[in-house]
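Quick note, our numbering runs 1138 ahead of the 1-based positions in the sequence shown.
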Amino acid sequence: MKQVGKFLLLEVDEFKKWLSLFHPVRTISHIQQHHTWIPSYKHFDGDNHFKLCDSMEQSHIKRGFDEIAQNLTTFPDGKIMICRSLDKQPAGIHLANKGGICIENTGDFDKGRDMMTETQKNTIITLTGLLLKKFNITPNSQTLVYHHWFDLETGKRKVTDEPDSIKTCPGTNFFGGNTVKAYNDNFLPLFK
Ligand SMILES: [Zn+2]
């Protein structure tokens, strides 16, 4: 466990312990999956977790947020950074953040870009499973969501599952794809 300012970097086991001692004040009802896009794997040197979170925070502040947008960040080495308090609503999906926890997965998981490490994959699965259990959330496509499914202007769910050239987040190759179908086939079954 390593702390710099508000940022707390943990191994998965340490996060598990930390979460067991966390008592939320707000109601947490959904979990968001994102990819950072930038920084991607080429920006990660194995030791710059804090620097990357700090630079993400600077860019989020420039976009008008009061601090880093995401509650949690995962890294290619499987570590987890607690960024924004879990008791604070994230700024992950425009107009759709109420009750959410935003997970930003470091990498560019569009097809042909970063190949997710097994370690990060395992962390995302374990972390998501721990959060679902902790907050008593039944996983489905309304409670465990991909950014890509939301209209960027209105925050409403898109009706179709058309490829979106603007926002592919968490990536067209995230656990086999960012569509609801790919999610139902590949991601959701991991939590049943
Ligand atoms: Zn996103």
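Glycine included, every Cβ here is placed at the ideal spot set by N, Cα and C.
Would you mind stating whether Phe-1231 and Gln-1280 have Cβ atoms separated by less than 8 angstroms? Position 93 of the sequence shown, counted from the start, is the residue given in the question as residue 1231. Position 142 of the sequence shown, counted from the start, is the residue given in the question as residue 1280. Inspection of the sequence shows that residue 1231 is occupied by Ile rather than by Phe. No, Cβ-Cβ distance for Ile-1231 and Gln-1280 is not below 8 angstroms.
Coil, strand or helix - Lys-1140 by DSSP: For this step, residue 1140 is matched to residue 2 along the sequence shown. Correct three-state label for Lys-1140: strand.
Select from Phe-1203, Asp-1185, Phe-1273 and Leu-1210 the residue whose C-alpha is nearest the C-alpha of Phe-1153. Translated into positions along the sequence shown, residue 1153 becomes position 15. Selected option, being the one with the closest Cα: Leu-1210.
Residues near ligand 1, CB to any non-hydrogen atom under 5 angstroms, in chain order? His-1172, His-1285 and Cys-1307
Contact check, Lys-1217 vs Leu-1147 under 8 angstroms by CB: the rounded distance? One-based indexing of the sequence shown puts residue 1217 at position 79. One-based indexing of the sequence shown puts residue 1147 at position 9. Going by Cβ atoms, the distance from Lys-1217 to Leu-1147 rounds to 6 angstroms, so yes, they are a contact pair.
Cβ-Cβ distance between Lys-1305 and Leu-1290 below 8 angstroms: Taking the first residue of the sequence shown as position 1, residue 1305 is located at position 167. Taking the first residue of the sequence shown as position 1, residue 1290 is located at position 152. Yes.
Proximity test, Cβ basis, 8 angstroms: Ser-1197 and chain B: Looking at the structure shown, chain B is missing, and only one protein chain is on hand.
Nearest by alpha-carbon distance to Ile-1220: which of Val-1142, Lys-1294 and Trp-1287 is it? Here residue 1220 corresponds to residue number 82 of the sequence shown, with the count starting at 1. When only C-alpha atoms are compared, the closest one is Val-1142.
Within 10 angstroms of its Cβ, does Phe-1413 collect 16 or more other Cβ (buried), or is it exposed? Lying before the first or after the last residue shown, residue 1413 is absent from the chain, which here runs from 1139 to 1330.
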